[in-house]
Amino acid sequence: MAILNELLEGLSYECVSGTTDKAITDVIYDSRKVTAGCLFICIPGAKADGHQYAADAVRAGAAALLTEHDVELPAGADVTVIRVENTRYAMAFVSAAWFGHPAGQMKIIGITGTKGKTTTAYLVKAILEQTGRKVGLIGTVEIIAGDTHIPAENTTPESYLVQKYFRMMADAGCDTVVMEVSSQGLMLHRTQGFVFDFGIFTNLEPDHIGENEHKDFDDYLHCKSLLFRQCRVGIVNADDAHRKEVTKDCTCQLETYGIDQEADLRAEDITFLNEGGSLGMAFTTKGLIELSVKTASPGKFSVYNTLTAIAICRHFGVDEKGIQKALAAAKVKGRTEMVRVSDDFTLMIDYAHNAMALKSLLETLRAYHPHRLVCLFGCGGNRAKSRRYEMGEVSGKMADLTIITSDNPRTEEPQAIINDIKIGIAKTDGKYVEICDRKEAIAYAIDHGEPGDIIVLAGKGHEDYQEINGVKYPMDERVLIQEILEERV
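Under the working numbering, the first residue of the sequence shown is numbered 5, with each subsequent residue one higher.
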C-alpha cells in the first residue's frame, strides 16, 4: 500500500483527473493482471499498447492510470489519470518508490557491452563472495537473490522486475548486486530510478540491429553510452575502438583497463595454458593493482573478462589471494565451459549462436594448436536464414570437422535448418557430417575424439531445454554427456 503522490515523487507529470492523494494497492503494467485499487501503467509495446486497455483496467478496479496521451474511459469512471511524457521512464521511478528504493541499500554494478557481460558478472560475483560479501545477480542466464534462482527471460528485465528483484536481494541480506545491462534495457529505461555505483563497458560490435531492436549501429552505440550518465564510476575497455564515443557525454568518474593501449589497469605477459585437456590463461596485471593471475577459461577475450572483474573488485578492497583463489575456481555455465570426458582431448560447451561469436570462439581455440578443431552446432528455427549460412561458412572455414545437428527448431523442420547450414558450408572446403539428433551428434563427437582434439558444442550454452513446436523439452548437454559416458561403460 502506498499513496500515489509518493510514488510520483521526482517525476514531472500532469494530473488530468482525480486526485494524487489516493491509496494504491499495487503497481501493474500488464492489463491481464489488474487488481482492485492498483495503479495501471499504460506501456506502448511492439505488439500491443497498454493505452488500448485503459477502460478494461478501470472496469477491473484500477484506482489510477499512468498514461502518455488521452485514453477512453467508461462513463462516470472514478479514476485518477496521470499523464507523463514517457510511461516506461516513469514506471522505473514509480517501481523504485513502490519497492522502497532497495538499490540505495546495496552497491549496484552494471555491465554493458556486446560480449563478455555474463562471464564478467559471474567472475565479479565469485571474487566478491570470497571477501564475504553477499552478491545478487541479474543476467542473461538467471536472477540470483540469496538462495533463490529464477530463470531469466530478458538480459535486463522490465524496470518493475528490476526493482522487485532488488527488493528480494536486499531482504535476503545482499549488500551488492551485479547485473548485465543490455542496450535494449537502456533504450527502454529499464535501469532508471536509481544510480549505478559502477558502470562497466566491455566492447562494442555490430549486433542487435534490426526490427524491434536498434535501427542502426549509431543507435546501438548511443544506447550503450546511456549507462555512463547513470553511474558514479565508469570502468571502460581502453582497447575498444568505440570507447571515446561511448563515454563522450559521460557524467561519471572514468578509469580504463586494457591490453594493447595505455590503460589504468593493464594485462601483461599473457600465456596460453593447456594442462591435461583443460585450457586457460595466465597473465600479470600492472597499474592500479599488481598481481599474477591464472584463469580456467581460454583465449584473449578471457583475459579481458578477467581484467574487467579485477578492475571492479579492487574498488571493494579484495586482497590478492582472494582474487587469485576466486578466479582459479570460477566457472560460468555455458561459456567456454569445459566438461572432462578424456585425458586425450578437450570437450567444451559454449553459447556461441551467431557467426560473430562462433568466429571469435574458433579463432581463440586455434591459438591452442589443436590436433583437430571440431565444431558441433545447429541453428534456431524461426530466425533469419542468413545466420545459418554465415555460421555454416564460418565453421567450414575454421574447423577441421563440423558436426551439423539440431538446436531449437521451434516450428521449423530440423532437416530444413540443417540444409540451410550446408549452403554456407558449401562455400568452403570444410569437412562435415550431419546428425540431426543432438545427443547422437554429441556421442559421435566423443566417440571419434582423437588425441589433441578440441571439441566445442556450440549454441546451447547454459540452456537446459530444446524448443520444438512451442514446447520446451528438457535437454541439458551436461546431462547428455553424462548419459553417453555411462552408456559406454
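Glycine included, each C-beta is placed from N, C-alpha and C at the ideal position.
Name the two residues that bound the continuous alpha helix (DSSP H) containing Gln419.
Numbered from 1 along the sequence shown, position 415 holds the residue referred to as residue 419. Element bounds for Gln419: Pro418 to Ile429.
Can you grab the Cα-Cα spacing for the pair Ile213 / Cys383, in whole Å?
Here residue 213 refers to the residue found at position 209 of the sequence shown. Here residue 383 refers to the residue found at position 379 of the sequence shown. Note that Ile213 has pLDDT 46, beneath the 50 cutoff, so the model's placement of it is unreliable and no number is given.
List, from N- to C-terminal side, the alpha helix (DSSP H) runs of 4 residues or more that fit wholly inside the stretch 119-155.
Entirely contained in the stretch 119-155, the alpha helix (DSSP H) runs reaching 4 residues are, in chain order, 121-134.
Considering only their Cβ atoms, is the gap separating Thr206 from Pro302 smaller than 7 Å?
By 1-based counting over the sequence shown, the position of residue 302 is 298. By 1-based counting over the sequence shown, the position of residue 206 is 202. Contact: no.
Backbone CA spacing between His218 and Val185 [nearest angstrom]
One-based indexing of the sequence shown puts residue 218 at position 214. One-based indexing of the sequence shown puts residue 185 at position 181. Residue confidence for His218 is low, a pLDDT of 49 falling below 50, so the modelled location carries little weight and cannot support an answer.
Opposite Gln257 in the DSSP bridges: which residues?
On the sequence shown, residue 257 is found 253 positions in, with the first residue counted as 1. BP columns for Gln257 point to Val237.
Starting from Arg370, follow the alpha helix (DSSP H) in both directions and report where the run begins and ends.
In the sequence shown, the residue the question calls residue 370 occupies position 366. Element bounds for Arg370: Ala359 to Arg370.
Alpha-carbon spacing of Ala271 relative to Asn309, whole angstroms
Residue mapping note: residue 271 aligns to position 267 of the sequence shown, counting from 1. Residue mapping note: residue 309 aligns to position 305 of the sequence shown, counting from 1. Going by the C-alpha atoms only, they are around 11 Å apart.
Given a threshold of 16 other Cβ atoms within 10 Å of its Cβ, counted over all protein chains shown, does Gly385 qualify as buried or as exposed?
Along the sequence shown, one-based indexing puts residue 385 at 381. It counts as buried.
Do Leu69 and Ala59 have their CB atoms nearer than 7 Å?
Sequence index remark: in the sequence shown, residue 69 carries index 65 (1-based). Sequence index remark: in the sequence shown, residue 59 carries index 55 (1-based). No, the Cβ-Cβ distance between Leu69 and Ala59 is not below 7 Å.
Start-to-end residues for the alpha helix (DSSP H) that takes in Cys317
Working through the sequence shown from its first residue, we reach residue 317 at position 313. Start and end: Lys304 to Cys317.
Which of helix, strand or coil does DSSP assign to Phe103?
The sequence position of residue 103 within the sequence shown is 99, counting from 1. Correct three-state label for Phe103: coil.
Starting from Asn9, trace the alpha helix (DSSP H) in both directions and tell me its first and last residue.
One-based indexing of the sequence shown puts residue 9 at position 5. Counting along the chain, Asn9 sits inside the alpha helix (DSSP H) bounded by residues Leu8 to Leu11.
Who are the near neighbours of Phe349 in its chain, counting only those whose CB is closer than 6 Å to its CB and skipping five residues on each side?
Looking up residue 349 in the sequence shown gives position 345. A distance below 6 Å between beta-carbons, with the five flanking residues on each side excluded, links Phe349 to the following residues of its chain, in chain order: Gly453 and Asp457.
Under a three-way DSSP split, which group does Ser410 fall into?
Residue mapping note: residue 410 aligns to position 406 of the sequence shown, counting from 1. Coil at Ser410, not helix or strand.
Can you tell me the Cβ-Cβ gap for Leu12 and Val31, rounded? I've got them flagged as a contact below 8 Å.
Position 8 of the sequence shown, counting from 1, holds the residue named residue 12. Position 27 of the sequence shown, counting from 1, holds the residue named residue 31. About 11 Å; that fails the 8 Å criterion.
Measuring alpha carbon to alpha carbon, tell me which residue in Asp451, Ile47, Ile7 and Arg36 is nearest Thr29.
Numbered from its first residue, the sequence shown carries residue 29 at position 25. Looking from the CA of Thr29, the closest CA among Asp451, Ile47, Ile7 and Arg36 belongs to Ile7.
Bridge partners of Glu471, per DSSP?
Here residue 471 is taken as the residue at index 467 of the sequence shown, counted from 1. DSSP output for Glu471 lists Lys476 as bridge partner(s).
What do you reckon, are the CB atoms on Ile263 and Asp244 nearer than 7 Å?
Residue 263 sits at position 259 when you count from the first residue of the sequence shown. Residue 244 sits at position 240 when you count from the first residue of the sequence shown. Between Ile263 and Asp244, the CB-CB gap reaches or exceeds 7 Å.
Residue range of the beta strand (DSSP E) that includes Arg270
Along the sequence shown, read from residue 1 onward, the residue named residue 270 stands at position 266. For Arg270, the enclosing beta strand (DSSP E) starts and ends at Leu269 to Glu279.
For Ala64, which three-state DSSP category applies?
In the sequence shown, counting from the first residue as 1, residue 64 sits at position 60. Correct three-state label for Ala64: coil.
Glu72, DSSP secondary structure in three states
Along the sequence shown, one-based indexing puts residue 72 at 68. Look at Glu72 here: in three-state DSSP terms it is coil, with no helix or strand label.
Tell me which residues share the same chain as Gln134 and place their Cβ nearer than 8 Å to its Cβ, disregarding the 5 neighbours each side in the sequence.
Taking the sequence shown and counting its residues from 1, one reaches residue 134 at position 130. Val322, Gly326, Ile327, Lys329 and Ala330, listed in sequence order.
Straight-line gap, Lys26 to Ala174 (C-alpha atoms, nearest Å)
Here residue 26 corresponds to residue number 22 of the sequence shown, with the count starting at 1. Here residue 174 corresponds to residue number 170 of the sequence shown, with the count starting at 1. In a straight line, the C-alpha of Lys26 is about 28 Å away from that of Ala174.
Would you call the stretch 419-437 and the stretch 384-399 in contact, with 3 or more CB pairs under 8 Å?
They touch, by the three-pair rule.
Hey, could you find the ends of the alpha helix (DSSP H) Thr251 is sitting in?
Sequence index remark: in the sequence shown, residue 251 carries index 247 (1-based). Taken as a continuous stretch (DSSP letters only), the alpha helix (DSSP H) holding Thr251 covers Arg247 to Thr251.
Check whether the Cβ atoms of Arg233 and Val240 lie closer than 7 Å to each other.
The residue given as residue 233 occupies position 229 in the sequence shown. The residue given as residue 240 occupies position 236 in the sequence shown. When the beta-carbon positions are compared, Arg233 and Val240 stay at least 7 Å from each other.
Could you give the residue range of the beta strand (DSSP E) that holds Ile353?
Residue 353 sits at position 349 when you count from the first residue of the sequence shown. Its beta strand (DSSP E) spans residues Thr350 to Asp354.
So Leu295 is in the beta strand (DSSP E); what residue range does that whole segment cover?
Counting from 1 along the sequence shown, the entry for residue 295 is found at position 291. First-last of the beta strand (DSSP E) with Leu295: Leu295 to Thr299.
Measure how close the beta-carbons of Arg392 and Asp424 come, nearest whole angstrom, since I'm counting them as under 8 Å.
Translated into the one-based positions of the sequence shown, residue 392 becomes position 388. Translated into the one-based positions of the sequence shown, residue 424 becomes position 420. Contact between Arg392 and Asp424 is confirmed by a C-beta separation of about 4 Å, below the 8 Å threshold.
Own chain partners of Asp223 with C-beta closer than 7 Å, once the 5 adjacent residues on each side are dropped:
Mapped onto the sequence shown, residue 223 falls at position 219. In its chain, beyond the 5 residues on either side, no residue has a beta carbon closer than 7 Å to the beta carbon of Asp223.
Met352 to Leu461, Cα distance in whole Å?
Position 348 of the sequence shown, counted from the start, is the residue given in the question as residue 352. Position 457 of the sequence shown, counted from the start, is the residue given in the question as residue 461. Approximately 6 Å between the Cα atoms of the pair.
My output table needs one value for Ile485: the three-state DSSP class, helix, strand or coil.
Counted from its first residue, the sequence shown places residue 485 at position 481. It is helical.
Leu1 - containing beta strand (DSSP E), residue span:
Because the chain here runs from 5 to 493, residue 1 falls outside it and cannot be looked at.
Apart from the five residues on each side of it in sequence, which residues of its chain come closer than 8 Å, Cβ to Cβ, to Pro455?
Position 451 of the sequence shown, counting from 1, holds the residue named residue 455. Within the same chain, Pro455 has close Cβ partners Asp348, Phe349 and His375.
Beta-carbon gap between Thr260 and Asp268 smaller than 7 Å
Start at 1 with the first residue of the sequence shown, and residue 260 comes out as number 256. Start at 1 with the first residue of the sequence shown, and residue 268 comes out as number 264. Yes, Cβ-Cβ distance for Thr260 and Asp268 is below 7 Å.
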